[in-house]
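First up is the structure itself, then whatever we jot down about it.
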Amino acid sequence: MALPNLWGLYNLRSSPFFQATLRADSQATPLRLFVGRQRERQLLLTTIGSSASSRQAVAGRPGIGKTTLVQTVKADAQAGGYWSSDEIIPISAEGASEHLLGQLLSGVYDAVLANCPTAAGPEVEAAQQLVRSIRLRGGGLTLSATPPGALLLDGPRVLRDLLRYAIGHGARGIVLHLNNLESLSEADASRAADLLRGIRDQALLHDGLHLIVVGSRSVFRNPLVLEPLELGDVEQLLANRYAALQLDPLRAWRSPLESAVVQRLYALFRGDLRGMLKALEDGITALLGFTSAGADVAPVGLEDLLLTLRQRNQAELREQLGDTAWERLVAWARVDSASSQTQAQLVELWQVRQPTVSKTLQQMIEAGAVEALPRRGREAIQYLMTGTVRLAL
Ligand SMILES: Nc1ncnc2c1ncn2[C@@H]1O[C@H](COP(=O)(O)OP(=O)(O)OP(=O)(O)O)[C@@H](O)[C@H]1O
Ligand SMILES: [Mg+2]
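In our numbering, each residue carries its 1-based index in the sequence shown increased by 2.
Pasting the structure below:
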C-alpha cells in the first residue's frame, strides 16, 4: 500500500529533504540542483586543465558536500572535453594494491566506453579482458585461483595504452572520482591512503589520468578542505529543490518551513548538510503525520520542530547508545553542547580511564552522535557533538 504523499500539502511531489548525493545519472537527485562552491569548483577544474595528469584530494567534515562537489566537477570537465563516467569508485581498505589498480582500470575503461561506445582495437581489447576477469572475480584479483600479480604485471601497461587510446580519439584526458566509504574508520582510511600511494609510480602518473579522491583524511598533499556552505546558499539549495519538485504546475510550491528553522538548524549542524536534511525530513514527517490530507497546512515553525526532534532523537540515541553512554553525553552537554573536548578532558569530566573514554567515543561516532575534527599538527584530536545530539539535548 502506497503511503499518501504528505509533501503534496506543500504542492511538492516528494520529500525535498532527501540526503542522497547529487549525480549526473540520477533523475531524482540531478546535478542542476547544485549551488555555490564556485571557487572550489574552479580550483579543481583548473588543476585538471593545467597538466597532463593530476591527483587532487577533497576533504571536509561528514555531510558537508564533498562527493556532490566532485560529481559536479566531473561534469564540468566532461563539458570541457575530458572523458569520465558517472561512476563513483569506492576505495576500501581491503584487498591489496592490485585491487585498487583493477578499480582504476575498470574506471578508465568505463569512461572510454561511455564517451566512445564504438571503441575498439588492441588497447581496448586488452583492457576489456583484464576488466572482465576482474569483474568475474568480484573486484580485485585476490582469489587464490588467480596467478598472483597478474594485474600488477599487465595492469599498468594496459592502463597506459588505454589512456593513449582515449587521447588519440579526442579526449583531453580521463577524470576519475575515487570516494572513501562513508564509514571508514581512522585506521582503515589511512590504510586506503597507503594503498593509493603504493601504486602511485606504476599507475597514477600516466599522461591523461586525472584523479580526484574524496576522503576525510588527506591522501595527497594539500587537500582542498571544504568549509560549510553559506547560509544563503543553503536557502537557495532548498528553494531549488522545492522548485524542482513542484507537483501542480499551476500553483506555486510552498516552503514547508519557516525561515527561522533553516537558520537555527544551520547553526546546530555547522555545515553537515546530510545531518540537517535528515533532521528536516524526520521532523516534518513526524509533524505531518498528524495532519489529515487536504487540510490547509502552514509552514512548520521552529518550536514545533525542535520539540518533535528532541523527543525523537532522544529516544533513538538512548536506545542505540544505552544508558551509560547516554548519561555521558548529557554530562558533556551540561558543560556546553557546542564545546569541543579532547580525550583528556573527557577523562576528567566522566571520571573514567582513558581506554574507556576512547571506547565510548568510538561507539558515539558510530552512532552518528559525535565527530572527530581533523587533527591539527600535533594537537590532541578534538571531539564535537553532532547536530543530531544537540537537537536531542
Ligand atoms: N553544493 C551543493 N549544492 C546542492 N546540494 C548539495 C551541495 N553539496 C551537498 N549537497 C547535498 O547535501 C547532501 C550531502 O552531500 P554529499 O553527499 O556530497 O556530502 P559528503 O561530504 O560527501 O558526505 P559524507 O561525508 O557522508 O560522504 C546531499 O543530499 C547533497 O545532495
Ligand atoms: Mg560522500
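Even glycine gets a Cβ: it sits at the ideal position worked out from N, Cα and C.
Euclidean distance between Cα positions of residue i and residue j
| i | j | result |
| --- | --- | --- |
| glutamine 322 | glutamate 368 | 10 Å |
| alanine 61 | alanine 246 | 29 Å |
| glycine 10 | serine 360 | 46 Å |
| serine 342 | glutamine 316 | 20 Å |
| arginine 380 | arginine 193 | 20 Å |
| serine 146 | glycine 83 | With a pLDDT of only 43 at serine 146, under 50, the local geometry of the prediction cannot be trusted, and the value read off the model is given with reservation. Each residue's alpha carbon lies about 41 Å from the other. |
| arginine 223 | glutamine 58 | 8 Å |
| leucine 106 | glutamate 96 | 15 Å |
| valine 264 | alanine 300 | 16 Å |
| threonine 70 | proline 119 | 26 Å |
| leucine 331 | tyrosine 244 | 36 Å |
| serine 108 | serine 28 | 21 Å |
| proline 18 | leucine 24 | 13 Å |
| arginine 43 | aspartate 338 | 36 Å |
| alanine 398 | leucine 197 | An answer regarding residue 398 cannot be provided, because it is not within the stretch 3 to 395 covered by the chain. |
| threonine 144 | alanine 26 | Here the model assigns threonine 144 a pLDDT of 48, short of 50, so the residue's position is not dependable and the matter cannot be decided. |
| serine 87 | threonine 74 | 12 Å |
| glutamate 329 | alanine 113 | 51 Å |
| isoleucine 383 | glutamine 347 | 11 Å |
| tryptophan 85 | aspartate 78 | 11 Å |
| serine 52 | histidine 212 | 11 Å |
| proline 225 | asparagine 7 | 42 Å |
| arginine 336 | arginine 39 | 36 Å |
| aspartate 325 | proline 376 | 28 Å |
| leucine 279 | leucine 45 | 27 Å |
| glutamine 1 | glutamine 21 | Absent from the model: residue 1. The displayed extent of the chain is 3 to 395, so no value can be given. |
| tyrosine 12 | glutamate 237 | 17 Å |
| glutamate 232 | glycine 67 | 12 Å |
| alanine 173 | serine 16 | 39 Å |
| arginine 199 | arginine 134 | 25 Å |
| methionine 366 | arginine 378 | 22 Å |
| alanine 30 | leucine 240 | 15 Å |
| arginine 41 | leucine 47 | 10 Å |
Heavy atom of ligand 3 within 8 Å of residue i beta-carbon
| i | result |
| --- | --- |
| isoleucine 66 | Although ligand 3 was asked about, the structure shown includes only ligand 1 and ligand 2 as ligands. |
Supposed contact pair residue j and residue i - C-beta distance, whole angstroms, cut 8 Å
| i | j | result |
| --- | --- | --- |
| threonine 49 | serine 56 | 5 Å |
| leucine 178 | valine 110 | 7 Å |
| valine 215 | glutamate 260 | Wrong, their Cβ atoms sit about 40 Å apart, outside the cutoff. |
| leucine 267 | leucine 282 | 7 Å |
| asparagine 181 | isoleucine 91 | 7 Å |
| leucine 319 | alanine 371 | 6 Å |
| alanine 374 | tyrosine 385 | 6 Å |
| glutamine 364 | leucine 14 | Contact doesn't hold; Cβ gap of about 39 Å is too wide. |
| proline 230 | arginine 272 | 6 Å |
| isoleucine 1 | glycine 123 | Shown here, the chain extends from 3 to 395; a query on residue 1 therefore has no answer. |
| glycine 157 | leucine 132 | 7 Å |
| histidine 208 | leucine 155 | Not a contact, Cβ separation roughly 16 Å. |
| alanine 191 | glycine 217 | 6 Å |
| threonine 362 | alanine 327 | 6 Å |
| leucine 252 | aspartate 284 | Going by Cβ atoms, the distance from leucine 252 to aspartate 284 rounds to 31 Å, so no, they are not a contact pair. |
Of the residues the options, the one placed nearest residue i, counting alpha carbons only
| i | options | result |
| --- | --- | --- |
| isoleucine 201 | Met387, Thr358, Gly170 and Gly104 | Gly104 |
| glutamine 356 | Gln345, Met366 and Gln364 | Gln345 |
| threonine 390 | His208, Leu307, Ala382 and Val349 | Leu307 |
| phenylalanine 36 | Tyr167, Asp235 and Pro158 | Asp235 |
| asparagine 242 | Ala26, Pro6, Asn7 and Leu33 | Leu33 |
| leucine 270 | Ala121, Arg392, Gln73 and Ala129 | Arg392 |
| isoleucine 136 | His101, Glu127, Asp163 and Leu165 | His101 |
| alanine 189 | Glu350, Gly277 and Ser94 | Ser94 |
| leucine 126 | Asp88, Arg139, Leu155 and His171 | A small fix is needed here, since residue 126 is valine in this sequence, not leucine. Checked all of Asp88, Arg139, Leu155 and His171; the closest Cα to valine 126 is His171. |
| alanine 81 | Leu211, Thr388, Ile176 and Asp209 | Ile176 |
| glycine 65 | Ala288, Asp274, Gln353 and Leu279 | Asp274 |
| glutamine 130 | Asn117, Pro225 and Val160 | Val160 |
| tryptophan 334 | Leu233, Leu351, Ala382 and Val75 | Leu351 |
| glutamate 89 | Asp78, Lys68, Ala116 and Arg63 | Ala116 |
| arginine 63 | Asp325, Val227, Gln347 and Glu237 | Val227 |
| lysine 309 | Ile286, Pro376, Arg377 and Thr358 | The amino acid occupying residue 309 in the given sequence is leucine; lysine does not appear at that position. Checked all of Ile286, Pro376, Arg377 and Thr358; the closest Cα to leucine 309 is Ile286. |
| alanine 340 | Met387, Val349 and Arg312 | Met387 |
| aspartate 203 | Arg162, Arg378, Leu311 and Leu240 | Arg162 |
| proline 258 | Arg378, Ala288 and Pro376 | Ala288 |
| tyrosine 167 | Arg199, Ala128, Asp284 and Leu233 | Ala128 |
Contact with chain D by residue i, beta-carbon distance below 9 Å
| i | result |
| --- | --- |
| aspartate 27 | Reference to chain D is not applicable here, since this structure consists of a single protein chain. |
message: Which runs of the alpha helix (DSSP H) at least 4 residues long sit entirely within the region 299-372? Give them in chain order.
response: Runs found: 304-338, 345-352 and 356-368.
task: Pick out the complete beta strand (DSSP E) segments inside the region 203-288, 3 residues or longer, and give them in chain order.
output: Runs of beta strand (DSSP E) with 3 or more residues, each lying fully within the region 203-288, are found at 211-216, listed in chain order.
- request: Give, in chain order, every unbroken run of the beta strand (DSSP E) that is at least 3 residues long and sits entirely within the region 57-138.
  value: Counting whole runs of 3 or more residues, the region 57-138 contains the beta strand (DSSP E) stretches 91-93.
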